[in-house]
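Residue numbers (our numbering): 7 to 166.
Have a look at the structure below, then the notes.
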């Protein structure tokens, strides 16, 4: 089993941290079969609250897929204790935000989409349901009277 850490990097403006807004956040990834190395052209959703039976096992996983090319099965399990927000201390540097255990597959790309939350630096205002589909987000913190934003998003997977 391979452990993959999703590293995230962004430029935060007047934001202390950003991360999944709830424990039922739907992570969206591109998946590659580790048997035939084909990358599925579709984005797949992985939710840590999902429980799917692993074929040929008594276990469960958050995500199970059968490769449409070689027909082998792969599965993934999010480590719920590994989910961390991206913080201002790591501003513009890669930092891990989640670790996923994988067998028979690897994730090769991440699409943050919507469902993130962030906290304002001065006011501690919580901004919810942030949509990062376009790779950036901007708003205004009325309590602190400053613009807030997340931009220059990048992500990568690293083996643990």
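Note that the Cβ used here is the ideal one computed from N, Cα and C, for glycine as well.
Please read these numbers as outputs of a predicted model, since none were measured by experiment.
Does DSSP classify residue 32 as helix, strand or coil? Along the chain shown, one-based indexing puts residue 32 at 26. Three-state DSSP puts residue 32 in a strand.
Between the stretch 17-27 and the stretch 115-124, do three or more beta carbon pairs fall short of 8 Å? yes
Per DSSP, cross-strand counterpart(s) of residue 105: For this step, residue 105 is matched to residue 99 along the chain shown. In DSSP, residue 105 forms a bridge with 11.
I believe residue 10 touches residue 163 by the beta-carbon criterion, under 8 Å. Please report the beta-carbon distance rounded to the nearest angstrom. Here the question's residue 10 lines up with position 4 in the chain shown. Here the question's residue 163 lines up with position 157 in the chain shown. The pair is a contact, with the Cβ atoms about 5 Å apart (cut-off 8 Å).
Determine the direct distance from the alpha carbon of residue 150 to that of residue 111, and round the result to whole angstroms. Walking along the chain shown from the start, residue 111 turns up at place 105. Walking along the chain shown from the start, residue 150 turns up at place 144. The straight-line gap from Cα to Cα measures roughly 45 Å.
Which word fits residue 52, buried or exposed, when buried means at least 16 other C-beta atoms lie within 10 angstroms of its C-beta? Taking the chain shown and counting its residues from 1, the one referred to as residue 52 is at position 46. Looking at its Cβ environment, which holds 16 or more other Cβ atoms inside 10 Å, residue 52 is buried.
How about residue 40 and residue 80: do their beta carbons lie closer than 8 Å? Counting from one through the chain shown, the residue named residue 40 turns up at place 34. Counting from one through the chain shown, the residue named residue 80 turns up at place 74. Cβ atoms of residue 40 and residue 80: closer than 8 Å.
I believe residue 154 touches residue 19 by the beta-carbon criterion, under 8 Å. Please report the beta-carbon distance rounded to the nearest angstrom. Counting from one through the chain shown, the residue named residue 154 turns up at place 148. Counting from one through the chain shown, the residue named residue 19 turns up at place 13. Rounded, the Cβ-Cβ distance is 6 Å, consistent with contact.
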